Amino acid sequence: MPTAVTQGLEVSVESFYLEDQSDSENNVFAFAYRVRLKNLGEQTLQLLSRHWVITDSTGTVRQVRGEGVVGQQPILAPGEDYEYVSGSRLDSPMGTMHGTYRMRTPNGETFEAEIPLFTLSANPTLN
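When we follow the numbering used here, the leftmost residue of the sequence shown carries the number 1, and every step to the right adds one.
Written out as structure tokens, the structure is:
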């Protein structure tokens, strides 16, 4: 499971191919991914927004920006974790995702936490 740590925030990601929501004959490939955030630091952190870079195997790149994740802006006290599941569709059977979360500390400072690069693959042994 790809993992990155930025300023005490650990981000781990696991992906899954959704065969029942895909249509390979029409180049529609659906994936889910589970993200786990864990506050390893000594101060409370709040997730404000996300920025995803999604690349399929044809070289098409999409960028997605938005407030929070799955409609929430979670607050993580030291030692707490937060997990959510979301999804993406590709026009090819393989691709990658990575990005950043904008986080805020109690004193109002913000930083970009790395979301590690992970694979989206219709071949489940590669996820």
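The beta-carbon is built from N, C-alpha and C at its ideal position, and this holds for glycine as well.
Please read all numbers here as calculations on a predicted model, not as lab measurements.
{"Asked": "Same chain only: Cβ atoms within 6 Å of Thr-110, ignoring 5 sequence neighbours per side", "Found": "Arg-102, Arg-104"}
{"Asked": "Endpoints, beta strand (DSSP E) assigned at Asp-81", "Found": "81–90"}
{"Asked": "Nearest candidate by alpha-carbon position, reference Pro-93, set Gly-66, Val-53, Ser-24", "Found": "Ser-24"}
{"Asked": "CB-CB length for Gly-69 against Leu-40, believed under 8 Å", "Found": "Per the sequence presented here, residue 69 reads as Val, with Gly not at that position. Wrong, their Cβ atoms sit about 19 Å apart, outside the cutoff."}
{"Asked": "Outcome for Thr-55 when other beta-carbon atoms lying within 10 angstroms are tallied against a minimum of 16", "Found": "buried"}
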